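Student:
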Amino acid sequence: MAQISKATKIARGATYLFIQSLLANVIGVLYFMVLARFFPVVSPDVGSPKMGAFQFMNFIVVLSNVLGALALPSAAAKFIPQYLAKNEKAKANGVAVRHFQVAFATGLAAAVTVFLSSDFIATSFFSNSPWIPVEQMSLLLKILSLSCFLTNFMSFLSGTLQGLQKIGELALMNLTFNVLQSFLVVALLFCGFDLFSPVIGWVVGMAAASIVGTAIVLKSFSLRGKPHPLKPLLSFSLPLYISNILAFTVNWVDQIFIFSVINAGIFGMYSVVVKAALIPTLIATS
């Protein structure tokens, strides 16, 4: 009966995850439509500079997550249930502890790097833009550095919750982020916060989701126990890490080429077209 109960719980969690994914995609489409209204195309030659800046910041956060996560969420999702099945909770807890340590370190490194290089990045890529002052872009990047840390922390929580087979709780954490950040960004846009809206929305949404996820994880694990050896985790995750980097490159190479060779405005306009073309696929694959 215990196995049936557990299987039923996992099946329900998978259903919750499906619903969360579907809602996230629907919310994401509406969210992007609002962004396109507030960050419009200025002209065919100039494109959409503000949408370009938005997509550039999104690129930085995604890059921080891909590089910083080291694909360890997949390792946690494998090793934690493996140890729990053997009734070795201390080792399972050790996996969570080690994953937390790595996520904290890589997230902090990403945040510090973005924060300290914000002036250089803003000057290098936005000094010729009359639409986005360099000082504003630099400040945006400094705030964005918090998201670079939080996105890695959320990856730790995601992997640990998968390992604990708390799929419904994982869906709750993700939905908290999707709903809160989307609502907050839209509200701030209507209040005139312009490009600061998505950055603030990301930080607040990730922080709230992290609090929810941490509260759930701490019911099962302590993050102060003996850490699991890192080598076995990295040995498992390394092929997946390389695969994630390759997938990231394929998804972004055309957009970054346009951003680097032409300008941020055309990059922004192109990203809107790409997003619009992917809408049917996003809904269908939820």
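Here my numbering is used: the first residue of the sequence shown is 2, the next is one more, and so on. Ideal placement from N, C-alpha and C gives every residue a C-beta, glycine not left out. On a predicted model such as this, the values are computed, not experimentally measured, just so you know.
1. May I ask you to report which of helix, strand or coil DSSP gives residue 214?
2. In this structure, does DSSP put residue 226 in helix, strand or coil?
3. Quick one, which of 92, 180, 98, 55 has its alpha-carbon nearest residue 25's?
4. For residue 193, name the three-state secondary structure that DSSP assigns.
5. Closest to residue 259 by C-alpha separation, out of 50, 93, 27, would be which residue?
6. Between residue 161 and residue 70, is the Cβ-Cβ spacing less than 8 Å?
7. Within the continuous alpha helix (DSSP H) that includes residue 253, where are the two ends?
8. Pull up the distance between the alpha-carbon of residue 85 and that of residue 129, whole angstroms please.
9. If you compare alpha carbons, which of 63, 9, 44 is closest to residue 271?
10. Let me confirm a value: residue 167 is counted as buried when at least 16 other C-beta atoms fall within 10 Å, else exposed. Which label applies?
11. Hey, how far is the Cα of residue 93 from the Cα of residue 15?
12. Distance, Cα to Cα, residue 20 vs residue 223?
13. Just verifying my parser: in three-state terms, what is the DSSP assignment at residue 49?
14. Can the beta-carbon of residue 104 be found less than 8 Å from the beta-carbon of residue 154?
15. Anyone know if the C-beta pair for residue 207 and residue 148 falls short of 8 Å?
16. So what does DSSP say about residue 291, is it helix, strand or coil?
17. When you compare only the Cα positions, how much space is there between residue 116 and residue 211?
Tutor: According to the data block:
1. helix
2. coil
3. 180
4. coil
5. 50
6. no
7. 231–262
8. 56 Å
9. 44
10. buried
11. 22 Å
12. 30 Å
13. coil
14. yes
15. yes
16. No answer is possible for residue 291: the residues shown for the chain start at 2 and end at 287.
17. 21 Å
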